[in-house]
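Visitor: Residue numbers (the numbering used here), protein chains in the order written: chain A, 1 to 125; chain B, 126 to 970.
Let me give you the structure first, and then I'll get to my questions.
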Amino acid sequence: MVFAFRREPDLWFLIGSPTVWALHFLACYVLAAVHCEKAGAGFVSIAPVRVWIVGLTAVALAFVFVSGLQAWRHWGFGANQPPHDADSPEDRRRFIGYAALLISALSFVAIAFTALPVLFITDCR
Amino acid sequence: MTAGHATPPAPDPTLRAEQERRLDKAWETPRGWRYWSAVNNTQVGLWYTGTAFIFFLFAGVLALLIRVQLAVPDNTLLSAQFYNQVFTLHGTVMMFLFAVPILEAVAILLMPAMYAARDLPFPRLSAFGFWSFFIGGVFVCGSIFFNAAPDTGWFMYPPLATDVKQSGIGADIWLLGLSFIEIASIAAAVELIVGVLKCRPPGMRINLMPLYGWYVLIVGGMILFAFPPLIAGDILFEAERLLNWPFFDAKRGGDPLLWQHLFWIFGHPEVYIIFLPSIALLAMIVPTFAQRPIVGYAWIVLAAVGTGFLSFGLWVHHMFATGLPSISLAFFSAASEAVAIPTAVQIFVFIATIMAGRLIFAVPMLFATGALAIFTFGGLTGVMVALAPFDWQAHDTYFIVAHLHYVLIGGMLFPLIAGVYYYFPVAADRMLSPRPGKIAFWLMFVGFNVAFLPMHFTGLRGMPRRVFTYPEGFGWEWLNLVSSVGAFVFAAGIAIIVIDVVRTALGAPMRERNPWNAGTLEWLLRRPQKPWQTRTVPPVSSRYPLWADPELARKTDEARYYLPDAEEGKRETLITTTLDGDPVQCLRLPGNSFKPMCAAIFIGGSFILTTFHFYRGSLVSGVIGVAIILWWLWTGTAIIPEKRTKDVGVGLKLPLYVSGSDSVGWWAMLITMLADMSAFFSLIFGYFFFWTIHEDFPPAGVDAPGVLWPGIAAILLIAAWAVMPLAKRLNARGSAAGLRAMLAVNALLSALGAAALLSAPYVTGLEPTQHAYPAIVWVLVLWAAAHAALGILMTLYCFARSFAGLLTREYDIDIHNVVLYWHFAAITAAVTVATIVLFPLASGG
Chain A
1 MVFAFRREPD LWFLIGSPTV WALHFLACYV LAAVHCEKAG AGFVSIAPVR VWIVGLTAVA
61 LAFVFVSGLQ AWRHWGFGAN QPPHDADSPE DRRRFIGYAA LLISALSFVA IAFTALPVLF
121 ITDCR
Chain B
126 MTAGHATPPA PDPTLRAEQE RRLDKAWETP RGWRYWSAVN NTQVGLWYTG TAFIFFLFAG
186 VLALLIRVQL AVPDNTLLSA QFYNQVFTLH GTVMMFLFAV PILEAVAILL MPAMYAARDL
246 PFPRLSAFGF WSFFIGGVFV CGSIFFNAAP DTGWFMYPPL ATDVKQSGIG ADIWLLGLSF
306 IEIASIAAAV ELIVGVLKCR PPGMRINLMP LYGWYVLIVG GMILFAFPPL IAGDILFEAE
366 RLLNWPFFDA KRGGDPLLWQ HLFWIFGHPE VYIIFLPSIA LLAMIVPTFA QRPIVGYAWI
426 VLAAVGTGFL SFGLWVHHMF ATGLPSISLA FFSAASEAVA IPTAVQIFVF IATIMAGRLI
486 FAVPMLFATG ALAIFTFGGL TGVMVALAPF DWQAHDTYFI VAHLHYVLIG GMLFPLIAGV
546 YYYFPVAADR MLSPRPGKIA FWLMFVGFNV AFLPMHFTGL RGMPRRVFTY PEGFGWEWLN
606 LVSSVGAFVF AAGIAIIVID VVRTALGAPM RERNPWNAGT LEWLLRRPQK PWQTRTVPPV
666 SSRYPLWADP ELARKTDEAR YYLPDAEEGK RETLITTTLD GDPVQCLRLP GNSFKPMCAA
726 IFIGGSFILT TFHFYRGSLV SGVIGVAIIL WWLWTGTAII PEKRTKDVGV GLKLPLYVSG
786 SDSVGWWAML ITMLADMSAF FSLIFGYFFF WTIHEDFPPA GVDAPGVLWP GIAAILLIAA
846 WAVMPLAKRL NARGSAAGLR AMLAVNALLS ALGAAALLSA PYVTGLEPTQ HAYPAIVWVL
906 VLWAAAHAAL GILMTLYCFA RSFAGLLTRE YDIDIHNVVL YWHFAAITAA VTVATIVLFP
966 LASGG
């Protein structure tokens, strides 16, 4: 998915970056929920959680960025325009690359979106 | 364009007629009472769709009852108690017996035609799914005639729904009836995922697949991760109701919120599980009526995959008012807004396609545009309620009722009706009439908005949902009256469609093949249709093969392409590779049989008898059901063919039997086990949820299961797993004795392992009715032990197959699949032991 720098992308490439989104999302939620439950609710600060989430977000965004680059490469760096509907292995590869690139872009935005609340919320209220 | 594939010459007409006779015979639909043994997708798909529509009409009548009751203040037409049953059953039936199943049904009906396949890979599984759905559905719906329907709302919140006195038997009917139907959904997901990936026509690469296929693939994947949490929730819920295990009882360490989490982890993706296949219909309809290829094919794939994932990050937005910390709410609020991006992408793709083409405004297109308008409105109110502060105001009011109906009727029902008008020729060889269609559309469109638009205001004026009546003076009277009038106008539209469908179905069949001048393969079918679908399976090299090659229908009919014959009198279809659609196997499909129906009757019987606490009868029924399934598997799967390869036409020879990851059965096992894993991890989530909310977990004064027995169990079960790959290897080397010995060792070790696992909480005296901790430990241990028991059953099955000469060195599908099962059973055992033993040690409990 992200690390497999292969010439031929398969269907797993399409779900690599949204899987990173899912793991990041789950981690954010679980960290905050467990912290607020265990440290006591209300005005308890979520400072440690914020540090963790910022770090995790950086890692997740880096993953998605790399997988986007990978997809861009499979697409052929934009040398060919869609619709990629020719009956050839090249167009099949370009199609998967292009779709994976779009999905990586969406995942990138969604990860950034998920992380935004920790910039504004400071405690467990 | 079929330019890449040379077109072979047509066989002479006498030979063609003979071939056709043989195909007819192999695919014959049985007559008389045996008709109900049919398993072909054209029959099962039709029954499935028809049954789901009948449930829809039933739930629609319930909706009208609701609207009559609410038309005027202080109405006494329905009692409060009966009203509770009516609205609960309305929601339940619409969601579980109509919206989800109909899309599986439509996919089963249409997918093979879209792929020019003869059928999907597991026809009997589809039939089993249908009968399960039918039995469970009739059971759940029928309860209202005995004043025993569920009455605690379609999401069954404890503590109300766990209170046996307050909720009566209705809650059990809901839990057990629907759990049984969820099995049918998972069966459909297995069938459709494997179908989309492996049953495409030769040459249909992944970038040429019809968009419907993409959506079905994504939705199949979503079902695997969305339905199992609900099944896990149902298990905990029934354990509380029937056995008094306090998972949701706050007095004994449980928490009602756990149910809300499990329900909505299912419930929110479910909205998209309903929405995506309907939008998939639009993705097929819009290009036809714009008479051009879709604009932004890859963007649709983005939207489908993106929505598929993001929809799993929305569940807590149903729980904004439960007092969770605002940081938690904010994550889900963010995801709820992010999901608007891929959803909107699809709408823009459709608009772009319409604008780029020459639009033909036929009835399907009318419903399609109506769908987009209504859905967009519902989507916008969705963004409003995704904002927690607004949701706190609107929560549990009629605003939410209005929002969800805009989303579901705009996103699901209108596209579905568009699909009914568009695909009626494929399903029934007949064309619905345009005039009644247009009248129906306007009645439905106007009626819908008249009924549901005012509800936003009724909600904002404070009317709570689910009240059976309301007093005068709150400014709700005329809004409710208008809604009720609208509901009946809407229903009149539906009635016209029903009348038109019945009238057309009784009329003469049409001859024209491609009435809409569509470009995709389902319009290749000859009329009247044959159960074997297209005459031959054509090679494909375009997204719209019929537009690319207008002669394709003639050449297909002339038996120039693949599978022109059924020489051996067997049902067959092509299996191709996932990425490029290269043909790799000629798959023999099972024929008609009553076994799937009987299996569904007895398995269903065991669920139904449990509802009435007839545990012995339930056990007997379940055992008979399992025995029938074994008989079905023994006689109908992994059949050794009379020859190794077969000429499938166009000079291509393909194997008839493949095993391991090349076989469809292996993929079915993998997919089923992914669903199984997500149910298991939902139970594990339950354990950690309890850990989170308790200061001491395991609670003080309770003996955790210790290390000794779970440790022994883990060692035995891991060892049982380890011998299975060895068994497979010995078999591959031709040692039947080695295979059997390893299988015997596996059965023995896993029996001992399961016993050791069960003795763990028993020995330390964990009493599951006392506290949520022992209860969840018991559930995990029972789950893992049941998996070991199922593993033993499979191992013994292989053992017997080996002795019967049905599992050999060359023909080894069974052992491959069972080894795959054991990988997952071992993970289950290991994670269970780690959770109940290592986690308490590590966290100092």
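From the three backbone atoms N, C-alpha and C, an ideal C-beta is built for every residue, glycine too.
What you are looking at is a predicted structure, and each value in this text was computed from that prediction instead of being measured.
Under 8 angstroms, CB to CB, which of the residues in the segment 132-149 of chain B have a partner in chain A?
Guide: Correct list: empty, as no residue qualifies.
Visitor: Return helix, strand or coil for Gly785/B, following the three-state DSSP convention.
Guide: In the structure shown, Gly785/B sits in a helix (DSSP, three-state: H, G or I).
Visitor: Whether or not the segment 786-805 of chain B and the segment 309-321 of chain B are in contact is what I'm after, with contact meaning three or more pairs of Cβ atoms, one per stretch, closer than 8 angstroms; do they touch?
Guide: Because the criterion of three Cβ pairs below 8 angstroms is met, the segment 309-321 of chain B and the segment 786-805 of chain B touch.
Visitor: Per DSSP, Pro780/B is paired with what?
Guide: Looking at the DSSP assignment, Pro780/B forms a beta bridge with Thr770/B.
Visitor: Who are the neighbours of Arg92/A on chain B, taking C-beta pairs under 9 angstroms?
Guide: Simply Arg330, Ile331, Asn332, Leu333, Leu704 and Asp705.
Visitor: Under the three-state reduction of DSSP, which class applies to Pro640/B: helix, strand or coil?
Guide: Pro640/B falls in the coil class under three-state DSSP.
Visitor: Nearest-angstrom Cα distance between Arg660/B and Gly730/B?
Guide: If I take the Cα positions, the gap works out to 41 angstroms.
Visitor: What residue ranges within the segment 320-380 of chain B form continuous alpha helix (DSSP H) runs of no fewer than 4 residues, ordered along the chain?
Guide: 336-368, all fully within the segment 320-380 of chain B.
Visitor: Quick one: Cα of Ala838/B to Cα of Gly267/B, how far?
Guide: Cα-Cα distance, rounded: 45 angstroms.
Visitor: Using a Cβ cut-off of 9 angstroms, pull out every chain A residue sitting near Trp438/B, in sequence order please.
Guide: Position check: residue 438/B holds Gly in this sequence, whereas Trp was assumed. Here the neighbours are Trp21, Ala22, Phe25, Leu26, Tyr29, Ala110 and Thr114.
Visitor: According to DSSP, simplified to helix, strand and coil, what is Thr113/B?
Guide: The structure shown does not extend to residue 113/B, since chain B is modelled only from 126 to 970, so the question has no answer here.
Visitor: Give every residue of the same chain whose Cβ lies closer than 6 angstroms to the Cβ of Ala184/B, excluding the five residues on either side of it in the sequence, and list them in chain order.
Guide: So the list reads His215, Val218 and Met219, once near-sequence residues are dropped.
Visitor: Count the other C-beta atoms from every protein chain shown that fall within 10 angstroms of the C-beta of Ala829/B, then say buried if there are 16 or more, exposed otherwise.
Guide: Answer is buried; the Cβ neighbour count reaches 16.
Visitor: For a contact defined as C-beta to C-beta under 7 angstroms, what are the partners of Ala455/B on chain A?
Guide: Per Cβ cutoff of 7 angstroms: Pro117 and Ile121.
Visitor: Taking C-beta pairs closer than 8 angstroms, name the residues in chain B that Val51/A reaches, listed in chain order.
Guide: Neighbours of Val51/A on chain B: none; closest Cβ ~14 angstroms, over 8 angstroms.
Visitor: Would Ser88/A and Pro18/A qualify as a contact pair, given that the criterion is a beta-carbon distance under 8 angstroms?
Guide: No, these two residues do not count as a Cβ contact at 8 angstroms.
Visitor: Counting only runs that start and end within the segment 644-719 of chain B, where is the alpha helix (DSSP H) found for 4 or more residues in a row?
Guide: As far as the segment 644-719 of chain B is concerned, its whole alpha helix (DSSP H) runs of at least 4 residues are 670-673 and 677-682.
Visitor: Measure the C-alpha to C-alpha separation of Ala869/B and Phe727/B and round it to an integer number of angstroms.
Guide: When rounded, the distance between both Cα atoms is 30 angstroms.
Visitor: Tell me which same chain residues have a C-beta within less than 7 angstroms of the C-beta of Glu647/B, skipping the five on either side of it?
Guide: For Glu647/B, where only same-chain residues beyond five positions count, the Cβ hits under 7 angstroms are Leu235, Ala238, Met239 and Val551.
Visitor: Listing by chain order, which chain B residues have their CB less than 8 angstroms from the CB of Pro48/A?
Guide: Going along chain B, no residue has its Cβ under 8 angstroms from Pro48/A, so there is no contact; the nearest lies around 13 angstroms.
Visitor: The beta strand (DSSP E) spanning Val44/A covers which residue range?
Guide: Its beta strand (DSSP E) spans residues Gly42 to Ser45.
Visitor: Is Phe373/B near Gly379/B, with beta carbons less than 8 angstroms apart?
Guide: In this structure, Gly379/B lies closer than 8 angstroms to Phe373/B by Cβ.
Visitor: Of the residues that make up the segment 50-71 of chain A, which ones have a beta carbon closer than 7 angstroms to any beta carbon in chain B?
Guide: Result list empty, no residue passes.
Visitor: Tell me whether Ala131/A is buried or exposed, calling it buried when 16 or more other Cβ atoms sit within 10 Å of its Cβ.
Guide: Coverage of chain A is limited to positions 1 through 125, which leaves residue 131/A absent and any answer about it impossible.
Visitor: Please compile the residues from chain B whose C-beta is within a distance smaller than 8 angstroms of the C-beta of Ala32/A.
Guide: Chain B residues near Ala32/A: Pro450, Ile452, Ser453 and Phe456.
Visitor: Does His84/A get closer than 8 angstroms to chain B when you measure Cβ to Cβ?
Guide: Yes, its Cβ sits closer than 8 angstroms to a Cβ of chain B.
Visitor: Helix, strand or coil: how does DSSP classify Thr797/B here?
Guide: In the structure shown, Thr797/B sits in a helix (DSSP, three-state: H, G or I).
Visitor: Distance cutoff 8 angstroms, beta carbons only. Does Ala129/A sit that close to anything in chain B?
Guide: Look at the range of chain A in this structure, 1 to 125, and you will see that residue 129/A is not part of it.
Visitor: Given that Phe928/B touches chain A, what residues does it touch there, using C-beta distances under 8 angstroms?
Guide: Within 8 angstroms Cβ-Cβ: nothing; Phe928/B doesn't reach chain A, min ~40 angstroms.
Visitor: Please decide whether Gly129/B counts as near chain A, where near means a Cβ-Cβ distance under 8 angstroms.
Guide: Here the model assigns Gly129/B a pLDDT of 47, short of 50, so the residue's position is not dependable and the matter cannot be decided.
Visitor: Spatial neighbours of Pro715/B within its chain, please: CB distance less than 6 angstroms, with the 5 preceding and 5 following residues excluded, ordered by chain position.
Guide: Around Pro715/B: Arg249 and Gly761.
Visitor: Leaving aside the five residues before and after Ala60/A along the sequence, list all residues of the same chain whose C-beta is less than 6 angstroms from its C-beta, in chain order.
Guide: Result list for Ala60/A: Val20, His24 and Ile111, in chain order.
Visitor: Suppose the cutoff is 7 angstroms on Cβ atoms and the five residues either side in sequence are ignored; what does the same chain contact list for Phe3/A look like?
Guide: Because Phe3/A sits at a pLDDT of 47, beneath the cut-off of 50, its placement in the model cannot be relied upon, and the point is left open.
Visitor: Terminal residues of the continuous alpha helix (DSSP H) containing Gly598/B?
Guide: Looking at the DSSP string, Gly598/B is not in any alpha helix (DSSP H), and its letter there is neither H nor E.
Visitor: Beta-carbon of Phe95/A versus every beta-carbon of chain B: anything under 8 angstroms?
Guide: So, interface residue.
Visitor: Just to confirm the assignment, what range does the alpha helix (DSSP H) spanning Phe515/B have?
Guide: Unbroken alpha helix (DSSP H) run through Phe515/B: Ala513 to Ala519.
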